[in-house]
Amino acid sequence: MTSGNEDGNLGRYRRRVLRADFVLPTGVLRDGWMAVEDGRIVAICAAADAGVADWLERGFALEDWRQHMVLPGLIDVHMHGIGGHDCMDMDDTSLPAISLQLANHGVTGYLATTVTQSFEATRLTLERAQRFMAEQQVAFASGQWTGARLFGVHLEGPFLSPQRRGAQNGEYLQTPDVQVLQQLLDVAPGCVRLVTLAPELAQADALVQHLVDAGIRVSMGHTDATYEQAEKAIQLGVQHVTHCFNAMSGLHHRSPGVVGATLLSDRVKAELIADGIHVHPAAVQVLLRMKGRDGVVLISDSIRATGMPDGEYALGGLKIRTIDGTARLPSGELAGSTLTLDKAVQNLVQRWQTPLADAVYMASASPAEALRLDGVGRLAVGYQADYSIWDAAGCLQQVVMGGTREDAVKAAP
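Numbering-wise (my numbering), the sequence shown opens with residue 1 and increments by one.
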């Protein structure tokens, strides 16, 4: 598939031109060309464009991926684990393993998402995440493959509603406290990118303001807020909604709840678990029609049971069981998912007839915008060369991040 121009054995290609089908924000470019130089996209054009010859004359290596689809790297802002590993595991091997497994699903960036645990467990998670991010940065600069890039941490808790806690450990739920929050932020400065909280709790307004002032994205989730309370939170600076429809006050004609406020506001992006289990198909359609692709962020909410056999697992100290790939507490409540982000994209296309470009956008450009990540999330000139290549059968062939590729060919399960 390739020829020439590779630096050593690191899988880094300085200059290359790919011929393939490309999923762009504007649609699918069939039989096009994309030129990559030093980890950046420098050109995208139709195959008939005579300028392609100039790139080849300048020494760019040719990669012929005709009959293959190139997608921008997917970004998962809400995932707890995969393949037997959890982001809060007390070891230094889980995050590297999670990064490698996410890359096998076309994910090139993610937030390690916590569940409500003790302060000490959360503190250690933040420390490990910051350490791994630094290690990845060094490896990335030298062209070493470490899998999906960890962009930071999503704190899902502990300031959540007891009535809407779902699979969050009620033993460790706390009322909002700016001092406790700041202590967590101080553990790993700059590491926390997203915080989920229940805005109706006492002193939650102060937390929202504190996070907004710190430049950290605030999300409503695990909340029993009224429509009015949710609307007020949005006015204060909440810009995100955690797994919309799940673990929150629903839409009723006399009490529109958090869902109603989310659907009507163009200030917030709504996370969606598109597995066909967490959200009724009709509700998915309502969300997509009301919010559009710019207002939706596809997530996996995956747990350690993802990609593993059915059985018993642990999530934040709670026992869960997966049956036919669905994770539940002993009470029967859903407990995260075993979804992967590439499957979520596929589900939107196949079950909800969403255009491929829009489905991919909700799993790449939209989350990148939510986290204010520059230069990632789409195939565009000037953007980092983060992308994945899929064959006609939907099997992953290659993942590239900033010019460094994964050499092994792996099929997505």
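Using N, Cα and C, we set each Cβ at its ideal position, and we do this for glycine too.
According to DSSP, simplified to helix, strand and coil, what is residue 342? Collapsing the DSSP output to three states places residue 342 in a helix.
If you run the structure through DSSP and keep just helix, strand and coil, what is residue 78? DSSP, reduced to helix, strand and coil, places residue 78 within a strand of the structure shown.
Does the Cβ of residue 291 lie closer than 7 Å to at least one heavy atom of the ligand GTP? Annotation note on the ligand GTP: not contained in the displayed structure, which lists no ligands.
Figure out for me which residue from 343, 165, 44 has the closest Cα to the Cα of residue 36. With respect to the C-alpha of residue 36, the residue from 343, 165, 44 having the closest C-alpha is 44.
Can you tell me the Cα-Cα spacing of residue 206 and residue 287, whole angstroms? Rounded to whole angstroms, residue 206 to residue 287 spans 29 Å at the Cα level.
Any idea what DSSP makes of residue 402, helix, strand or coil? Collapsing the DSSP output to three states places residue 402 in coil.
Going straight from the alpha carbon of residue 409 to that of residue 234, what length do you get? Only weak support exists for where residue 409 lies, its pLDDT of 39 falling under 50; the value from the coordinates is given anyway. Residue 409 and residue 234 have their C-alpha atoms some 44 Å from each other.
For a quick check, are the C-beta atoms of residue 362 and residue 264 less than 8 Å apart? Not in contact: residue 362 and residue 264 (Cβ atoms no closer than 8 Å).
From the DSSP output, in three-state form, read off residue 420 for me. Since the first and last residues shown for the chain are 1 and 413, residue 420 lies out of range.
With a CB to CB cut of under 7 Å and the five nearest residues on each side skipped, what residues in its chain are close to residue 293? Take residue 293, set aside five residues on each side of it, and the residues of its chain with a beta-carbon closer than 7 Å to its own are 358, 361, 362, 366, in chain order.
Would you mind sorting residue 8 into buried or exposed? The rule is 16 or more other CB atoms within 10 Å of its CB. Summary for residue 8: the model assigns pLDDT 42, below 50, so the residue's position carries little reliability, and this model does not support an answer.
Please state the DSSP three-state secondary structure of residue 234. It is helical.
Quick one: using the 10 Å Cβ neighbour count with 16 as the cut-off for buried, is residue 388 buried or exposed? With 16 or more Cβ atoms within 10 Å of its Cβ, residue 388 is classed as buried.
Within 10 angstroms of its Cβ, does residue 163 collect 16 or more other Cβ (buried), or is it exposed? With fewer than 16 other Cβ atoms within 10 Å, it is exposed.
From the DSSP output, in three-state form, read off residue 411 for me. Caution is warranted here: a pLDDT of 37 is assigned to residue 411, below 50, making its placement in the model unreliable, and the coordinate value is therefore given only provisionally. In the structure shown, residue 411 sits in coil (DSSP, three-state: anything other than H, G, I, E or B).
Taking one C-beta from the segment 172 to 192 and one from the segment 54 to 74 each time, how about it: are there three or more such pairs within less than 8 Å? No, the segment 172 to 192 is not in contact with the segment 54 to 74.
Let me make sure I understand the geometry here. Which of 208, 46, 93, 79 has the alpha-carbon closest to that of residue 177? Selected option, being the one with the closest Cα: 208.
Assuming contact is defined by CB atoms lying nearer than 8 Å, are residue 386 and residue 78 in contact in what I supplied? Not a contact, by the Cβ cut-off of 8 Å.
Is the Cβ-Cβ distance between residue 364 and residue 382 less than 8 Å? With contacts defined as CB atoms closer than 8 Å, residue 364 and residue 382 fail to qualify as a contacting pair.
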